Amino acid sequence: MSTIEVSATSPRSGEFQQPIVNDFSIQVATVNGSGSQTANSVLMRAIFQMGIPVSGKNMFPSNIQGLPTWFTIRASKQGYIGRKKEVDFLVAMNPETAREDVMKLDSGAAVVYDEPLKLDALRSDLHFYPVPFDKLVGPVCPEAKLRKLVRNMIYDGIVANLLSIEMEEVHKALFKQFGKKKAKAAELNWGACQAGYDYASKTLTKSDPYRVQRMNATAGKIIVEGNAAAALGCVFAGVTVVTWYPITPSSSLVESMIGYLKRFRIDKETGKSTYAVVQAEDELSAIGMVLGAAWAGARSATSTAGPGISLMSEFVGLGYYAEIPAVIFDVQRVGPSTGLPTRTAQGDIISTALLSHGDTKHPLLFPRSPEECFSMAIEAFDLAEQFQTPVFVMLDLDLGMNNWMADAFVYPTKPIKRGKVLTAKELERLGGFARYKDVDGDGVGYRTLPGTNHPQAAYFTRGSGHNEKAQYTEREDDYVNNMDRLSHKFETMRAHVPQAEVEYNPKANVGFVAFGTSHYAVEESRDQLKSEYGIETSYLRLRAYPFTQDLLDFIHRHDRVYVVEQNRDAQMLGLMRLEYGAAEIAKLRSMKYYGGLPLDARTVTDDIVRQEGK
Amino acid sequence: MSTTVTPPPKKLNRAGLEVLSYKGAKTTLCAGCGHNAISERIIECFYELGVQPWNVAKFSGIGCSSKSPAYFLGLSHGFNGVHGRMPSIATGAMLANRTVLGIGVTGDGDTASIGMGQFMHLLRRNLPFIYIIEDNGVYGLTKGQFSATADLGSKLKTGVINELPPFDCCALALRCGATFVARSFSGDKKQLQAILKTAIVHNGLSVIDVISPCTTFNDHEGSTKSYSYIKEHDEILNELDFVPYYDDISVEIDEGEVKEIELHDGSKLRIKKLGRDYDPSNKFDALKAMDEAEKKGEVLTGVFYVDTKKPNFMEMLNMEDAPLATLPESKVRPPKEVLDQVMEELR
Chain F
97 MSTIEVSATS
107 PRSGEFQQPI
117 VNDFSIQVAT
127 VNGSGSQTAN
137 SVLMRAIFQM
147 GIPVSGKNMF
157 PSNIQGLPTW
167 FTIRASKQGY
177 IGRKKEVDFL
187 VAMNPETARE
197 DVMKLDSGAA
207 VVYDEPLKLD
217 ALRSDLHFYP
227 VPFDKLVGPV
237 CPEAKLRKLV
247 RNMIYDGIVA
257 NLLSIEMEEV
267 HKALFKQFGK
277 KKAKAAELNW
287 GACQAGYDYA
297 SKTLTKSDPY
307 RVQRMNATAG
317 KIIVEGNAAA
327 ALGCVFAGVT
337 VVTWYPITPS
347 SSLVESMIGY
357 LKRFRIDKET
367 GKSTYAVVQA
377 EDELSAIGMV
387 LGAAWAGARS
397 ATSTAGPGIS
407 LMSEFVGLGY
417 YAEIPAVIFD
427 VQRVGPSTGL
437 PTRTAQGDII
447 STALLSHGDT
457 KHPLLFPRSP
467 EECFSMAIEA
477 FDLAEQFQTP
487 VFVMLDLDLG
497 MNNWMADAFV
507 YPTKPIKRGK
517 VLTAKELERL
527 GGFARYKDVD
537 GDGVGYRTLP
547 GTNHPQAAYF
557 TRGSGHNEKA
567 QYTEREDDYV
577 NNMDRLSHKF
587 ETMRAHVPQA
597 EVEYNPKANV
607 GFVAFGTSHY
617 AVEESRDQLK
627 SEYGIETSYL
637 RLRAYPFTQD
647 LLDFIHRHDR
657 VYVVEQNRDA
667 QMLGLMRLEY
677 GAAEIAKLRS
687 MKYYGGLPLD
697 ARTVTDDIVR
707 QEGK
Chain Z
0 MSTTVTPPPK
10 KLNRAGLEVL
20 SYKGAKTTLC
30 AGCGHNAISE
40 RIIECFYELG
50 VQPWNVAKFS
60 GIGCSSKSPA
70 YFLGLSHGFN
80 GVHGRMPSIA
90 TGAMLANRTV
100 LGIGVTGDGD
110 TASIGMGQFM
120 HLLRRNLPFI
130 YIIEDNGVYG
140 LTKGQFSATA
150 DLGSKLKTGV
160 INELPPFDCC
170 ALALRCGATF
180 VARSFSGDKK
190 QLQAILKTAI
200 VHNGLSVIDV
210 ISPCTTFNDH
220 EGSTKSYSYI
230 KEHDEILNEL
240 DFVPYYDDIS
250 VEIDEGEVKE
260 IELHDGSKLR
270 IKKLGRDYDP
280 SNKFDALKAM
290 DEAEKKGEVL
300 TGVFYVDTKK
310 PNFMEMLNME
320 DAPLATLPES
330 KVRPPKEVLD
340 QVMEELR
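Here the protein sequences line up with chains F and Z, keeping their order. Residue numbering for the first sequence follows the working numbering, starting at 97 and increasing by one per position. Residue numbering for the second sequence follows the working numbering, starting at 0 and increasing by one per position.
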């Protein structure tokens, strides 16, 4: 009977269609708290294990249970792992959104849906696959209360069948997902998955063109969230004090760090930990502890999101003036209060670069991938201690909380750089020191740590009212000297922060500047612009603030430079305006997106084409 | 003829240092400010106990009281933080180096208003730390507004009457987890010394609320934190004597109703009951005594509570004994095999 329904509602059934291989996106629409995350991860991983480049984006509500969630899996033989706007294959499990989800699809898309929803009545230009999930789940899951969770695993089997995903890989992915400790749950879910596969084999007739085929593009690669990657970076950077206050989307950064620290940073001989993690009472306290710990010599870090950054503002200013190293991860999200805490943005650029009052500016690092979350976490600690200042690592929700395909991380080859710290022996030789004196011409003074066994070690730390010897002063000349030295220190940093990644195209007079996760949309958009519109582009990917010389050169070499960013007010472009002259500013254009979803290539392309007047 | 004058030998403490090594910069607080007397007591106590000043770190928030760490222990590292948030800085520093002795000076404005959140969580953690509240009931640096420890009915110079009840920082400290809680008066040298010395050796959080009159903004008729008011209403809870572990002889209190508490390093705090039946290891006794004193309009001073058994924050974290701050790279960067293992798990 189902067979008849399928053929009846599939207009192209039987027609010959060119298969579309390894180039489509699957969207799974579910209700949050229903175990769909597991089913989606398994699906993504199975495709990855077949050697096909894949990415996963979770669009979830700020809620524990019962609200709509969409998970998009993109397979791309070209290796594009940014979000794809168009959905090719929909799994409609949520009655609340099913109708709208179906209506949004482009013609020719496929829909797996829960049979009672009768979605096939909505349109006649799609490929519909009805599945009686409730009927299928009963026999494979006798325990009624587990059915809601197991039910979702059925669509993995259905989709595997329809898209030719190898079941051995699904099996492997599923058991990896559950781990050895939950073997029983894995068996139960595997049963559901198989039931879905068998149902599809017997009942459904494939009519859409989408399918996967084994490739060899993921060998040696890993799947990891940016937050976990940054956490690992901290563990290998030798972090010793971590403080935090839970906030979406940054919590999982510290939570995964705690997991890794417990495994790898307990001294085998003493059984004691080589770190301290404190869940603070709020972000005010988290940053205070970080500064106190770093002042006393620890490698310390905290992780937060925009609201936490706002709360940390005053302390960060003190850190800047007292010249205390600190590493702060900002996993950016949309807006304050009950804004959209589970949606992504690059909206903290200006507020973080200039965080606090008085004249303050801070180095920001912009990782675009898990590999860079790992390596920049390590760089951030070295920079913070070398330059004795708070350093921010700017992730966003998309990077931090989504699963990314990545290359295996590279073990750090250089030793940890602890910066200019004087020991008792050095103090004895020098006969004393002046904390804020620019001895080496780089703007960075020498510091000592409390507990240094020498009568000359101590100095008094306070805000901006101090002279070179860290003595209190309100003298104009002392104040100005200190301010100028801090500026000089910031200038010195330009050559030490991660340099930009530049790709010059000799044929291009248009350039792109992007950073963080906007990279993926820009990378793909450049191909679209070239192949569809004949627009050649160069590309500079910013990796840090303060800006490096590369950026200025890049602007000079192009007629128009599009700064792509995920915020409303063109914040990165705003920072460039603060720094550059009229000739450079005149060349800058803005491409902005601020809808809360990861930026996609088509949105960039359409906007550039419009601005270029093509 | 010439006579050779030999200067008298300098008096050195157990650490081989003279008292000068414990002094700080010249105070810039008002003449007669109670805070200066407290700084003097701190200098004496650290000197007398022979603590190495470079093994001490000083912390403060913002306000008159918070300026005072510059005026004692000049050979110790100091950190003047932001308003009300000294506890977090101190907590971080103690985590980084657990071998350093931490002392914080704050005021009633710094602690009981803007800093209340951090104060409460410091109490909850029982951080091994000395937390001194220089309590005068007003904001001095901003010229005399009431603080949250100002007593009900107390009068400002301008005639404004305080209509809200005060926070009792000692009662909060008791209830929320501090393990040594005392109140003193900046004018009571002997009592304050015994309390400070106990705090120096106590292996947990010490909260000492010291009534420290503000001569400029709160020392007038109608103020409940003036010198004359405190002298009239100071009700001494118990007589104290601190006996260092290395000097078991100097017992000043007569035997009798004496409770002796052995502290972390073997030193002893001898507490003599005065009139009332009072057990400083019993929180309820302490709260009852505070409550009764409040009803009678007395300012009760002395040691309210001592608990030498409760584990402190550092002990709970099970950290390395050596300071985290200076652990070598070999201890804090796992080997390459560990990264390889994690990568394999993520494949």
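Don't be surprised by glycine CBs; every beta carbon is placed ideally from N, CA and C. Nothing here was measured: the structure is a model prediction, and the numbers come from that model.
Residue closest to residue i, alpha-carbon to alpha-carbon, out of the options
{"i": "residue 139 (chain Z)", "options": "Z:163, Z:107, Z:165 and Z:261", "result": "Z:107"}
{"i": "residue 494 (chain F)", "options": "F:590, F:525, F:520 and F:439", "result": "F:439"}
{"i": "residue 62 (chain Z)", "options": "F:558, F:657, F:646 and F:597", "result": "F:558"}
{"i": "residue 421 (chain F)", "options": "F:480, F:287 and F:570", "result": "F:480"}
{"i": "residue 398 (chain F)", "options": "F:253, F:414, F:383 and F:487", "result": "F:383"}
{"i": "residue 274 (chain Z)", "options": "Z:303, Z:339 and Z:236", "result": "Z:236"}
{"i": "residue 293 (chain F)", "options": "F:269, F:311 and F:263", "result": "F:263"}
{"i": "residue 624 (chain F)", "options": "F:126, F:518, F:176 and F:482", "result": "F:176"}
{"i": "residue 230 (chain F)", "options": "F:218, F:217, F:211 and F:222", "result": "F:211"}
{"i": "residue 116 (chain F)", "options": "F:206, F:153 and F:191", "result": "F:206"}
{"i": "residue 305 (chain Z)", "options": "Z:220, Z:342 and Z:182", "result": "Z:182"}
{"i": "residue 338 (chain F)", "options": "F:403, F:224, F:387 and F:448", "result": "F:387"}
Residue i versus residue j - alpha carbon distance
{"i": "residue 515 (chain F)", "j": "residue 340 (chain F)", "result": "25 Å"}
{"i": "residue 526 (chain F)", "j": "residue 564 (chain F)", "result": "16 Å"}
{"i": "residue 199 (chain F)", "j": "residue 486 (chain F)", "result": "49 Å"}
{"i": "residue 337 (chain Z)", "j": "residue 138 (chain F)", "result": "25 Å"}
{"i": "residue 704 (chain F)", "j": "residue 428 (chain F)", "result": "25 Å"}
{"i": "residue 553 (chain F)", "j": "residue 524 (chain F)", "result": "9 Å"}
{"i": "residue 127 (chain Z)", "j": "residue 205 (chain Z)", "result": "8 Å"}
{"i": "residue 692 (chain F)", "j": "residue 672 (chain F)", "result": "24 Å"}
{"i": "residue 67 (chain Z)", "j": "residue 132 (chain Z)", "result": "12 Å"}
{"i": "residue 620 (chain F)", "j": "residue 315 (chain F)", "result": "22 Å"}
{"i": "residue 457 (chain F)", "j": "residue 640 (chain F)", "result": "13 Å"}
{"i": "residue 225 (chain Z)", "j": "residue 218 (chain Z)", "result": "4 Å"}
{"i": "residue 38 (chain F)", "j": "residue 235 (chain F)", "result": "There is simply no residue 38 (chain F) to check, as chain F begins at 97 and stops at 710 in what is shown."}
{"i": "residue 319 (chain Z)", "j": "residue 94 (chain Z)", "result": "11 Å"}
{"i": "residue 358 (chain Z)", "j": "residue 333 (chain Z)", "result": "Outside the displayed span of chain Z (0 to 346) sits residue 358 (chain Z), for which this structure offers no information."}
{"i": "residue 321 (chain F)", "j": "residue 622 (chain F)", "result": "26 Å"}
Where residue i falls, given that 16 or more other Cβ within 10 Å makes a residue buried
{"i": "residue 283 (chain Z)", "result": "exposed"}
{"i": "residue 99 (chain F)", "result": "In this prediction, residue 99 (chain F) has a pLDDT of 37, which is less than 50 and means its spatial position is unreliable; what the coordinates show is noted afterwards. Exposed, by the Cβ-count rule."}
{"i": "residue 159 (chain F)", "result": "exposed"}
{"i": "residue 375 (chain F)", "result": "exposed"}
{"i": "residue 135 (chain F)", "result": "buried"}
{"i": "residue 604 (chain F)", "result": "buried"}
{"i": "residue 269 (chain F)", "result": "buried"}
{"i": "residue 15 (chain Z)", "result": "exposed"}
{"i": "residue 317 (chain Z)", "result": "exposed"}
{"i": "residue 83 (chain F)", "result": "Absent from the structure is residue 83 (chain F), since the part of chain F shown begins at 97 and ends at 710."}
{"i": "residue 328 (chain Z)", "result": "exposed"}
{"i": "residue 120 (chain Z)", "result": "buried"}
{"i": "residue 296 (chain Z)", "result": "exposed"}
{"i": "residue 232 (chain F)", "result": "buried"}
{"i": "residue 37 (chain Z)", "result": "buried"}
{"i": "residue 167 (chain Z)", "result": "buried"}
Members of the region 439-462 of chain F that neighbour chain Z once the beta carbon cut-off is set at 7 Å: none
At least 3 beta-carbon pairs within less than 8 Å: the region 583-596 of chain F vs the region 107-116 of chain Z: no
At least three beta-carbon pairs within less than 8 Å, the region 677-684 of chain F to the region 448-459 of chain F: no
At least three beta-carbon pairs within less than 8 Å, the region 278-295 of chain F to the region 250-259 of chain F: yes
Cβ pair count under 8 Å reaching 3, the region 341-354 of chain F against the region 49-63 of chain Z: no
The region 494-513 of chain F touching the region 146-159 of chain F, judged by at least three CB pairs closer than 8 Å: yes
Members of the region 380-407 of chain F that neighbour chain Z once the beta carbon cut-off is set at 7 Å: 380, 381, 384, 385, 386, 387, 388, 389, 391, 392, 393, 394 and 396
Segment contact, 8 Å Cβ cut-off, at least three pairs: the region 657-670 of chain F with the region 398-411 of chain F: no
Stretch pair the region 301-311 of chain F + the region 364-379 of chain F: three plus CB contacts closer than 8 Å: no
Touch test, the region 530-549 of chain F against the region 388-403 of chain F, Cβ-Cβ under 8 Å, three pairs minimum: yes
Residues from the region 469-491 of chain F in contact with chain Z, defined by Cβ distance under 7 Å: none
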